Amino acid sequence: MEEKQYQIAWYRLRGLGLVCLCSLVFFIGAYVTNQKSIIASSTVNGQRIPVSCVQTEEKKAALTFDTVWGNDQTRVILNILEQYGAKATFFVTGEWVDRYPEDVKAITAAGHEVGNYSQSYRDMSGMSKAEIQTEIQTVHDKVWKLTGTEMKLFRAPYGDYDNELIDTVKQSGYLPVMWDVDSEDWKDYGIEAIIQKVTENPHLGKGSIILLHSDAKYMPQALEAVIAKLQEQGYELVPASELVRWSNYSMDGEGRQIPEQNKL
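Taking our numbering, the leading residue of the sequence shown gets 1, the next gets one more, and so forth.
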């Protein structure tokens, strides 16, 4: 009889222990999950926002080229980048990849980064989740097949994002990226205008992401001076994926990634 009572008490004690353990695991899991959503939040006042720049103590910036139309200037740009030891990110569409596969290979062979700029260069805000996934994955597969590299960064055509697009981009394994320094090279104002818009831009600083266009009329003539002036100012020019943070960050209203440890 005493042995039976002892067994009942032992089973009750073991059951209580399991309940406590499960509760502990649940609360720890809930805490960690909540921390992840805060640490890597891209939401400001209910609006999802892409990365425009990065808060960092290192004097680094990223040259990013939107690459959509022709390829007449691609090799010239690559030569200038090599001359100055600068690395860059080229956001390519799937249609451009189809037309100029050898240039895609040349970009990666030179140590530069290829980013995802959608398959067809259409306004993606308002698209369904399935449409977005197709636009992203189609060009992803093409670049992978050509170069064996996995793209990590996504830029929306026209820089137009909505919450559904940003959520789907991140669920697809990409970080959505914009810029904080706009060269406005597509306006064809001239070489000096491009140089000034970049190197004297009030937003230029540590962690800036600079917007350029590979097919802009004055790009080759302006690029050399842009790089030289940035390097004279002490900037190291790196691919955008080496500048951005992939975890432990929050965002401010300007799209700046803020390391978690720097938050107040």
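Even for Gly, the Cβ is constructed at its ideal location relative to N, Cα and C.
Treat the numbers as computed from the prediction; the structure is a model and nothing was measured.
Are the beta-carbon atoms of residue i and residue j separated by less than 8 Å?
{"i": "Trp-179", "j": "Thr-74", "result": "no"}
{"i": "Ser-118", "j": "Val-139", "result": "yes"}
{"i": "Leu-146", "j": "Lys-105", "result": "yes"}
{"i": "Ile-194", "j": "Ala-61", "result": "no"}
{"i": "Glu-135", "j": "Trp-144", "result": "no"}
{"i": "Arg-48", "j": "Ile-191", "result": "no"}
{"i": "Gly-255", "j": "Val-51", "result": "yes"}
{"i": "Pro-259", "j": "Ile-80", "result": "no"}
{"i": "Leu-153", "j": "Thr-89", "result": "yes"}
Report back the beta-carbon spacing between residue i and residue j to the nearest angstrom; my notes put them in contact at under 8 Å.
{"i": "Leu-223", "j": "Ile-77", "result": "6 Å"}
{"i": "Gln-257", "j": "Gln-133", "result": "Not a contact, Cβ separation roughly 25 Å."}
{"i": "Val-181", "j": "Val-198", "result": "6 Å"}
{"i": "Ile-208", "j": "Glu-113", "result": "Rather than Ile, the amino acid found at residue 208 in this sequence is Ser. In fact, because the Cβ distance is near 16 Å, the residues do not count as touching under 8 Å."}
{"i": "Pro-157", "j": "Met-124", "result": "6 Å"}
Using DSSP with H/G/I as helix, E/B as strand and the rest coil, what is residue i?
{"i": "Leu-24", "result": "Reliability fails at Leu-24, whose pLDDT of 34 lies under 50, so the model's placement of it is uncertain and the value that follows must be treated cautiously. DSSP places Leu-24 in helix when its eight states are reduced to three."}
{"i": "Gln-88", "result": "In the sequence as presented, Gln is not what sits at residue 88; that position holds Ala. DSSP places Ala-88 in strand when its eight states are reduced to three."}
{"i": "Tyr-174", "result": "coil"}
{"i": "Asp-160", "result": "coil"}
{"i": "Gln-47", "result": "strand"}
{"i": "Gly-29", "result": "Only weak support is given to the placement of Gly-29: the predicted model assigns it a pLDDT of 36, under 50, and the value that follows is read from those uncertain coordinates. Looking at Gly-29 - three-state DSSP - the assignment turns out to be helix."}
{"i": "Val-104", "result": "helix"}
{"i": "Leu-211", "result": "strand"}
{"i": "Gln-83", "result": "helix"}
{"i": "Lys-36", "result": "Confidence is the limiting factor: at Lys-36 the pLDDT is only 31, short of 50, which leaves the residue's position unreliable, though a coordinate-based value still follows. Correct three-state label for Lys-36: helix."}
{"i": "Met-219", "result": "helix"}
{"i": "Asp-282", "result": "Lying before the first or after the last residue shown, residue 282 is absent from the chain, which here runs from 1 to 264."}
{"i": "Glu-224", "result": "helix"}
{"i": "Leu-204", "result": "coil"}
Decide if residue i is buried, meaning its Cβ has at least 16 other Cβ atoms within 10 Å, or exposed.
{"i": "Pro-202", "result": "exposed"}
{"i": "Tyr-249", "result": "buried"}
{"i": "Asp-215", "result": "buried"}
{"i": "Tyr-174", "result": "buried"}
{"i": "Ala-130", "result": "exposed"}
{"i": "Lys-59", "result": "exposed"}
{"i": "Ser-183", "result": "buried"}
{"i": "Trp-246", "result": "exposed"}
{"i": "Lys-187", "result": "exposed"}
{"i": "Arg-155", "result": "buried"}
Taking residue i as part of the alpha helix (DSSP H), name the residues at either end of that continuous run.
{"i": "Leu-146", "result": "129-147"}
{"i": "Glu-113", "result": "Here Glu-113 belongs to no alpha helix (DSSP H); instead the beta strand (DSSP E) covers 113-116."}
{"i": "Met-124", "result": "Segment: none, Met-124 is in no alpha helix (DSSP H) and carries neither H nor E."}
{"i": "Ser-241", "result": "240-243"}
{"i": "Gln-196", "result": "191-199"}
Identify the continuous beta strand (DSSP E) that holds residue i and give its terminal residues.
{"i": "Lys-60", "result": "60-67"}
{"i": "Arg-256", "result": "256-259"}
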